[in-house]
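Just so we're aligned: 35 in full-length UniProt numbering is position 35 of the sequence shown, and the numbers increase by one with no gaps anywhere. Following: one structure in structure tokens, then a few remarks.
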Amino acid sequence: MGYSGEKPTLQPPVVEITLEMLLTHSSGYVYHFLDQYVSRWYTASASHKKNNCQRVEQAFNYPLGFQPGGGWQYGPGLGWAGRVVERITDSTLDDYVHEHILRPLGIIKAQFYPVTRDDLRDHLVDLNPQDPQCLGKAVLGGDGALNKYTKGAFGGHGLSMAGVDFVKVLRSLLANDGMLLKPSTVDSMFLEYLRPCAELSLQKVLSGELGTFFRADPAVEIGTSHGLGGLLTLEDIAGGYGKSTLTWAGSLTIAWFVDRKHDLCGIGAIQPSLPIRGSGTILGLKETLYRDIYAKHREWKR
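Okay, here's the thing in structure tokens:
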């Protein structure tokens, strides 16, 4: 979409959105705060007056930022993918995740927002003094709107769980043990899926102001594409990730990776509120996380 003066210019999609596009942030759905035109439309639209009961259809019902498959931008594609799961399985995403992901791995301490179980609330990290509702402002940024104004389970945000339990999910994918997905499905997650125009768009984002939030190595630009579930490194990183490592660090304070070449996986998470722009703090923390992990791995192998 775009604007001609004060009037939005909209075009109908020329191709259908696929599940693959939703999982690779190439569907055209973008978070409104990352796109100037969608943000402008969102602010002016009466249909997006904030309330506390928005499901996927209400929360993300706004124009596409680009034609499906024709670009790349971080967005609510996983939220829509979660809704697809609900429609296909005739169940809630909450129930499906617990039955098919958490239970097989023995994970019992996890719940989508809002966390109401007393045994889980006792373990919630006090994110910061400005977040008494535990909205996850440090992770989501701003006022935590993605949790504050939505209802139900979303595929792209809102699940609270312990870091050690999240590693169980990563470890299952790394081992390709068949507990969560068929081995062939896991293998497919580590392949490239972006079309050429979407690939160019991704490289533009990675080399831009917000690229350090997404890049596998925030200090340097390396060949990067997108697999099913995260960014995919296309080359080895000296002292770090191997080729075809699946990574994601879309939020300010969380980063995870699955490196099949070096048989490593992990997640790093911190809880302070950090500025989105004008600070090298996030870059430094991400570098420290993965370089220290790989340094310790090299020592362990000696």
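Glycine residues also receive a C-beta, built at the ideal position from the N, C-alpha and C atoms.
Does DSSP put residue i in a helix, in a strand, or in coil?
i           : result
residue 68  : coil
residue 233 : strand
residue 293 : helix
residue 11  : coil
residue 267 : strand
residue 216 : coil
residue 111 : strand
residue 58  : helix
residue 320 : As shown, the chain starts at 1 and ends at 302. That puts residue 320 outside it, with no answer to give.
residue 116 : coil
residue 190 : coil
residue 247 : strand
residue 288 : helix
residue 84  : helix
residue 168 : helix
residue 201 : helix
residue 238 : coil
residue 30  : coil
residue 206 : helix
residue 299 : helix
residue 78  : helix
residue 25  : coil
residue 17  : coil
residue 195 : coil
residue 45  : coil
residue 92  : coil
Going along the chain, which residues of its own chain have a beta-carbon closer than 8 Å to the beta-carbon of residue i, five neighbours each way excluded?
i           : result
residue 206 : 214, 215, 221 and 224
residue 234 : 192, 222, 223, 224, 225, 243 and 244
residue 167 : 265, 266 and 267
residue 123 : 109 and 162
residue 15  : 67, 68 and 69
residue 291 : 239 and 240
Is it true that the CB of residue j sits closer than 7 Å to the CB of residue i?
i           : j           : result
residue 3   : residue 37  : yes
residue 314 : residue 269 : The question about residue 314 has no answer, for the chain in this structure spans 1 to 302.
residue 77  : residue 30  : no
residue 32  : residue 39  : yes
residue 294 : residue 240 : yes
residue 189 : residue 227 : yes
residue 1   : residue 10  : yes
residue 180 : residue 258 : no
residue 96  : residue 84  : no
residue 107 : residue 177 : no
residue 68  : residue 5   : no
residue 8   : residue 41  : yes
residue 79  : residue 115 : no
residue 81  : residue 23  : yes
residue 296 : residue 255 : no
Have a look at the DSSP bridge pairing and note the partners of residue i.
i           : result
residue 225 : 232
residue 2   : 9
residue 255 : 268
residue 154 : 157
What residues in its chain sit with their C-beta under 7 Å from that of residue i, if we drop five residues either side in the sequence?
i           : result
residue 94  : 112 and 153
residue 199 : 225
residue 237 : 216, 217 and 222
residue 300 : none
residue 172 : 105, 179 and 180
residue 289 : 255 and 268
Excluding the five sequence neighbours on either side, which residues of its own chain have a C-beta within less than 6 Å of the C-beta of residue i, listed in chain order?
i           : result
residue 43  : none
residue 59  : 150
residue 262 : 242
residue 35  : 65
residue 201 : 71 and 72
residue 18  : none
residue 175 : none
Using a Cβ-Cβ distance under 7 Å, would residue i count as near chain C?
i         : result
residue 6 : No chain C is part of this structure, which consists of one protein chain only.
| At a cut of 8 Å, does the stretch 30 to 48 reach the stretch 87 to 105 through at least three beta carbon pairs? | By the Cβ rule, the stretch 30 to 48 does not count as touching the stretch 87 to 105, because fewer than three pairs are nearer than 8 Å.
| query | Are there three or more Cβ pairs, one per stretch, closer than 8 Å when the stretch 188 to 205 is compared with the stretch 72 to 87? | reply | Touching, yes.
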